[in-house]
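Enquirer:
Numbering (the working numbering), first residue to last: 79 to 168.
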């Protein structure tokens with residue numbers, strides 16, 4: 079009896095996971111059924127842009143990562159901004 083209850087519990091958990099997955103897949107199919115959804119998917123997967131647009135790719139340098147080791151989130155953001163907008167010394 080206890081084993082049957084355990085099996086039922088496991089099956090219900092698995093059923094819940096499968097229903098959630100089904101909902102997710104249904105949402106993806108619905109999204110890809112529209113021209114906007116198709117365009118968004120292509121842009122994300124293949125990093126393409128429309129004519130007249132630009133693409134920015136941010137690459138972390140290993141030294142940048144070493145500099146931020148042990149830093150707080152705020153310090154990491156501050157360091158990132160300093161690297162992007164360095165002060166010009168006159």
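The beta-carbon is built from N, C-alpha and C at its ideal position, and this holds for glycine as well. Quantities reported herein were computed from a predicted structural model and do not represent experimental measurements.
Return the CA-CA distance between residue 89 and residue 108, expressed in angstroms with no decimal places.
Expert: One C-alpha to the other measures close to 28 Å.
Enquirer: Is residue 151 helix, strand or coil by DSSP?
Expert: In the structure shown, residue 151 sits in a helix (DSSP, three-state: H, G or I).
Enquirer: What three-state label does DSSP hand residue 134 in the structure shown?
Expert: Residue 134 falls in the coil class under three-state DSSP.
Enquirer: Give the secondary structure of residue 164 by DSSP, where H, G and I count as helix, E and B as strand, and everything else as coil.
Expert: If DSSP states are grouped into helix, strand and coil, residue 164 belongs with coil.
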